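Following: one structure in structure tokens, then a few remarks.
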Amino acid sequence: MALKIVVLAKQVPDTRNVGKDAMTAEGTVNRAALPAIFNPEDLNALEQALRLKEQHPGSTVGILTMGPPRAGEIIRQGLYRGADTGWLLTDRLFAGADTLATSYALATAIKKIGDVDIVIGGRQAIDGDTAQVGPQVAQKLGLNQVTYAEEVLSVDGGFATIKRVIDGGVESSSER
0 MALKIVVLAK QVPDTRNVGK DAMTAEGTVN RAALPAIFNP EDLNALEQAL
50 RLKEQHPGST VGILTMGPPR AGEIIRQGLY RGADTGWLLT DRLFAGADTL
100 ATSYALATAI KKIGDVDIVI GGRQAIDGDT AQVGPQVAQK LGLNQVTYAE
150 EVLSVDGGFA TIKRVIDGGV ESSSER
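Residue numbers for the sequence shown, in numbering that gives the first Met the number 0: 0 to 175.
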């Protein structure tokens with residue numbers, strides 16, 4: 000069974016080497032002073048999507064991101080890693096969007112892409128650490144969600160079996 004997979008990805012400031020210019024006078028991240036990278040948690044999501052693509056011949060993986068034009072770089076990186084396509088939502092009106100606005104824009108884009116079988120996102124972005132966008136996108140699309148997933152064990156007939164680590168053990172559940 001071929002799958003149409005969308006990976007939610009974000010370009011974030013590289014916070015590994017933060018210097019004195021990393022923050023603005025207002026206390027926000029000075030994105031211009033830091034190099035931009037593919038959010039590491041979203042790279043995990045892309046890796047899982049590519050494993051599913053390999054397990055399900057004929058499947059496609061697309062990367063969906065929202066940001067300034069330079070955010071298109073993570074789509075190119077995703078294509079290099081094995082994704083098939085990508086979509087960049089960019090407009091000055093998106094600048095400073097909170098998680099609610101971001102999830103609305105991403106969910107609207109997924110609806111426009113159409114016939115998506117599974118949406119995979121990283122746990123959270125390293126620049127905001129809210130872990131809200133993925134669950135909000137799922138809610139707006141009326142999709143079941145599994146947070147803190149470690150691995151997608153199988154996808155068959157509209158059901159996905161997901162493994163995640165919880166306090167005291169490992170949980171596997173099947174969701175439609």
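From the three backbone atoms N, C-alpha and C, an ideal C-beta is built for every residue, glycine too. Keep in mind the model is a prediction, meaning the values are calculated, not measured.
DSSP state of residue 125 mapped onto helix, strand, coil
Looking at residue 125 - three-state DSSP - the assignment turns out to be coil, as it is neither helix nor strand.
Shortest alpha-carbon distance to residue 168 belongs to which of 57, 149, 1 and 42?
149
Whose C-beta lies closer than 8 Å to the C-beta of residue 114 among residues of the same chain, with five residues either side of it excluded?
3
Have a look at residue 89 and residue 80 and give me their C-alpha separation to the nearest angstrom.
Approximately 23 Å between the Cα atoms of the pair.
Can you give me the Cβ contacts of residue 129 inside the same chain, cut-off strictly under 6 Å, excluding the 5 residues immediately before and after it?
98
Looking at the structure shown, is residue 116 part of a helix, part of a strand, or coil, going by DSSP?
coil
Secondary structure of residue 102, DSSP reduced to three states
helix
Sorted by chain position, which residues of the same chain lie with C-beta nearer than 6 Å to residue 71's C-beta, five sequence neighbours on each side aside?
87
Inter-residue spacing [alpha-carbon to alpha-carbon] between residue 137 and residue 83:
22 Å
For the beta strand (DSSP E) that residue 56 lies in, which residues bound it at each end?
It is not in any beta strand (DSSP E) - residue 56 carries neither H nor E in the DSSP assignment.
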